[in-house]
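Novice:
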Amino acid sequence: MKIFKIICLILVNHQAVHALDFQKCQKVILANKSLDDFLVIDEKGERKKEEQLNKDIEKLKANKDCLALIRYSELADNGLLKKRNPLASHILKTFVQYHSKWLLPEDLDQQPRCQDTFHRDIYDYESPAYHLTRALFQPSRKASMAVTSYADLRALTKGENPNQSEENSLSLEEVTEHFQFNEEYQFKGQGDLIGFLYQKRYSIKGNTIPQVGLDPQDWKNEFAKGSFNIFSHLGGGLIGNPYFIIANAPKEAFEKGLSQSDGRNNLPRRLAKSIIENLLCQPLLSHNLKTLTHQSTWYHPLTQEQKCVNCHSVVDPLSAGLRNVTFVKSHSRCSKKSPQVLIPRVFKGTGQQEIWQEKNESPFHRSYPIGHLNGKRFVGFNQLGKLISEQTDFYSCQIKKYSALFGLKELEPEKVTALAKQYQSHQNGLLMLEKLLKESAQ
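In my numbering, the protein residues as written are 29 to 470.
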């Protein structure tokens, strides 16, 4: 009898851990839908051939297990859904959209003035989110790969390769002709999301040579080599994703034909700020004022006023490590016959390997992309991604974001840090969510 009571107690506790208000869980994960919305019924009210999906739904409803509902969208080792049905696809899409809002907060001041719709044809605006989503749902993929993988990801859908742009109604032939792609171009597929694969790369061969900025001969040499690869991944997973870089580009990048870092006024500070605030959850205004003693790791090129030091001492050393991103427009003029897209282009580093340079050195955007994050030195996106993946803040930021998604009770900082260190150790996104739900249910 005593053993029976213990077993019952264990079962009750297990059920309490995963119950987590199952109706609320459904609402979050299914984006205000319910499991009943995914039951497949024919016109006569009888179950159709998708009998397995209906059985799965009835089992999920009976168990009322939030974690089981999340795990329903688990990905196989190849990045595709294990269960390729509308329910699993919808759950995956919910997280893609949440990750997109998390990584790319809307900024009403950051609106391209010319042919904005073309950016969503050429660059998939949800693509930075694919890195976090795949790391979360694929147990064999380490969480750190969201910021350390080199290849870019694309969404794979049932409705692959439509012939007309959903953004501006242009045909596939028109867009291919406008941008003069070297390879056969494909629109982002519509329909049920079934997983993620590596991005096919495209090159534009019909660009206008920029007439502004330094080293015009270098630009001619660049174009003489052939074309610009618009999916030229810079490493570091989502931080090197072209759309992530463009979404955090300075406003002048959309207004000028060419935008380069000069080491003083013009640095990719928006990009650095986004990485600090959205990936590490470190609001800049919360940083304590520091006593700066080492000029090689931080130099304030604009002002020495104490009120500015608080943010710039964090942002500037990081943005200096992203200095070699140069923004180029695909055409000098904007019209329907020559639509513009912004291309993040990287030059090979030359000159001294220091974070800052003297005025008589080679152009800042051409020097080695040396930067510092939390006092640690890095060179370029690859090393930055690895450095981010070693920060406990990167994992605690995810704990906080997923807690907010599910509306969980706020955990003490010590518990957040403990969960983050566990996540950093096991690198399994689904296991992290399981531990988070258990911790919040206690």
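Note that the Cβ used here is the ideal one computed from N, Cα and C, for glycine as well. Values in this document were obtained by computation on a predicted structure and should not be read as measured data.
#1: Nearest-angstrom Cα distance between K228 and Y213?
#2: By DSSP, does Q470 sit in helix, in strand, or in coil?
#3: According to DSSP, is A277 part of a helix, a strand, or is it coil?
#4: Would you identify the three-state DSSP class for P372, choosing helix, strand or coil?
#5: Which parts of the segment 190–226 are runs of the alpha helix (DSSP H), unbroken and 4 residues or longer, counting only runs that do not cross its ends?
#6: Going by C-alpha distance, which of N456, E467, K466 and L461 is nearest E105?
#7: Could you tell me which residues DSSP puts in a beta bridge with A183?
#8: Answer with buried or exposed for E205, where buried requires no fewer than 16 other C-beta atoms within 10 angstroms of its C-beta.
#9: Could you compute how far the alpha carbon of D344 sits from the alpha carbon of A300?
#10: Would the beta-carbon of V175 fall within 8 Å of that of S341?
#11: Less than 6 Å between C-beta atoms, sequence neighbours within five positions excluded: which residues of the same chain meet that for E154?
#12: Less than 8 Å between the beta carbons of L439 and E467, yes or no?
#13: Where does L63 fall in DSSP's three states?
#14: The beta strand (DSSP E) spanning L308 covers which residue range?
#15: Only counting the same chain, and skipping five residues up and downstream in sequence, which positions put a Cβ closer than 8 Å to that of R99?
#16: Span of the alpha helix (DSSP H) holding G408?
#17: Measuring CB to CB, does I398 end up less than 8 Å from G349?
#18: For A277, collect the residues of the same chain with a Cβ closer than 6 Å to its Cβ; drop the 5 residues on either side in sequence, then sort them by chain order.
#19: State buried or exposed for N249, treating a residue as buried only when at least 16 other CB atoms are found within 10 Å of its CB.
#20: Pick out whichever of H118, I383 and P311 has its Cα sitting closest to the Cα of L6.
#21: Just grab the DSSP bridge partners of I232 for me.
#22: Anyone know if the C-beta pair for S395 and G408 falls short of 8 Å?
#23: Would you tell me roughly how many angstroms separate the C-alpha atoms of L312 and E305, rounded to the nearest one?
#24: Could you spell out where the beta strand (DSSP E) holding K357 opens and where it closes?
#25: For G399, write down the residues that DSSP places opposite it in a beta bridge.
#26: Please classify L108: does DSSP put it in a helix, a strand, or coil?
#27: Measure the alpha-carbon distance for Q115 versus K186 and round it to whole angstroms.
#28: Distance, Cα to Cα, K55 vs C94?
#29: Specify the secondary structure class of I69 as computed by DSSP and reduced to three states.
#30: Would you grab the beta carbon distance between G265 and H159 for me? Rounded to a whole angstrom, and I think it's under 8 Å.
#31: Drop a sphere of 10 angstroms on the beta-carbon of A179, count the other beta-carbons inside from all chains shown, and report buried for 16 or more, exposed for fewer.
#32: Output yes or no for whether 8 Å exceeds the beta carbon distance between L184 and G223.
#33: In the structure shown, what three-state DSSP assignment does S424 receive?
#34: Just to check my reading of the structure: Q208 and K233 have Cβ atoms closer than 8 Å, yes? What is that Cβ distance to the nearest angstrom?
#35: Go to I85, then tell me how far its alpha helix (DSSP H) extends in each direction, as first and last residue.
Specialist: From the atom records:
#1: 9 Å
#2: coil
#3: Collapsing the DSSP output to three states places A277 in coil.
#4: strand
#5: 200–207
#6: It should be pointed out that residue 105 corresponds to Asp in this sequence rather than to Glu. Measuring from the Cα of D105, the nearest candidate turns out to be N456.
#7: F224
#8: It is exposed - the Cβ of E205 has fewer than 16 other Cβ atoms within 10 Å.
#9: Looking at the two C-alpha atoms, the distance is approximately 8 Å.
#10: no
#11: V124 and S128
#12: yes
#13: helix
#14: Run containing L308: none; DSSP gives neither H nor E here.
#15: L458
#16: G408 to S417
#17: Contact: yes.
#18: F355
#19: exposed
#20: Residue 6 lies beyond the range of the chain shown here (29 to 470); nothing can be said about it.
#21: F209 and F256
#22: Their beta carbons are not under 8 Å apart, which means S395 does not touch G408 by this criterion.
#23: Their Cα atoms are separated by approximately 7 Å.
#24: V353 to K357
#25: The partner list for G399 (beta bridge, DSSP) reads F406.
#26: strand
#27: Checking the displayed sequence, the identity of residue 115 turns out to be Leu instead of Gln. Spanning the two alpha carbons is a distance of roughly 14 Å.
#28: 11 Å
#29: strand
#30: Confirmed, about 5 Å.
#31: When all chains shown are included, A179 counts as exposed.
#32: yes
#33: Reduced to three states, the DSSP call for S424 is helix.
#34: 5 Å
#35: E79 to N91
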